[in-house]
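Participant: Okay, here's the structure, questions in a sec.
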Amino acid sequence: MRILASLLLLAVTSCATTQAPSATTGWQEVVTPEDRIRLRDWRTAFTRALDQANAANHAAEIANEGALLEPDAAVGGPIPNGDYRCRVIKLGAKSQGMLEYVAYPAFRCRIDQGKMQRFTKLTGSQRHVGKIYPGDQLREVFLGTLVLGDETRAYQYGRDRDRDVAGWVERIGDNRWRMVLPYPNYESLLDVIELVPEQ
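What the sequence shown shows, in mature numbering (1 follows the signal peptide of the UniProt record, and there is no 0), is residues -20 to -1, 1 to 179, in sequence order.
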């Protein structure tokens, strides 16, 4: 009887540690060790990526983007739920032969609220899906995964390190936000997603 009780207690404890994060879970309790480092080193990634893109003769395009591509442009303020036009800019080349600067046209994105705020990039060949967590006074934290091509379902965050994505969500002006994704696993040193509410 005592052995059975011990086994039941062990089973309950195991279940408790594998439950999905609740609405009150902080990002620090969920983030993978690799993504914790990415988030910590975001500014180094940003400046390295800008240096590469500038050296590859993209200074005019970078200057044209204003606050979007300025590392310290965050002014604070959470991002509201709604539909957004989201434009992706990739900065810096992850490996030789890759482009140092690529700006894509606007895609469609949505931020909605279930138990937690959730971000979904609805169109494009690389679609970010994940949760937005409270961060600090200037920014929130995005932890998610990448859906590729014609895939219809996202991996659970933390299941496949090659698909995991981490970044900071920042307001950079009136009705303008960005998601800063340092050291993504594909192509670039930094991805910046501009988020502007659909009218």
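For each residue, glycine too, the CB sits at the ideal point set by N, CA and C.
Please say whether R151 and G57 have beta carbons closer to each other than 9 Å?
Facilitator: yes
Participant: Determine the direct distance from the alpha carbon of R141 to that of V176, and round the result to whole angstroms.
Facilitator: 29 Å
Participant: Assign R67 to buried or exposed, taking buried as 16 or more other Cβ atoms, counted over all protein chains shown, within 10 Å of its Cβ.
Facilitator: buried
Participant: Secondary structure at A12, three-state DSSP: helix, strand or coil?
Facilitator: Sequence check: residue 12 is Thr here, not Ala. In this structure, T12 counts as coil in the three-state DSSP scheme.
Participant: Taking the C-alpha atoms as reference points, what is the distance between G104 and D63?
Facilitator: One C-alpha to the other measures close to 15 Å.
Participant: How far does the alpha helix (DSSP H) with I42 in it extend, from its first residue to its last?
Facilitator: 39 to 44
Participant: Can R119 and V127 be called in contact, C-beta distance under 9 Å?
Facilitator: no
Participant: Rank E131, G110, P114 by C-alpha distance to the C-alpha of T125 and give the top, closest one.
Facilitator: G110
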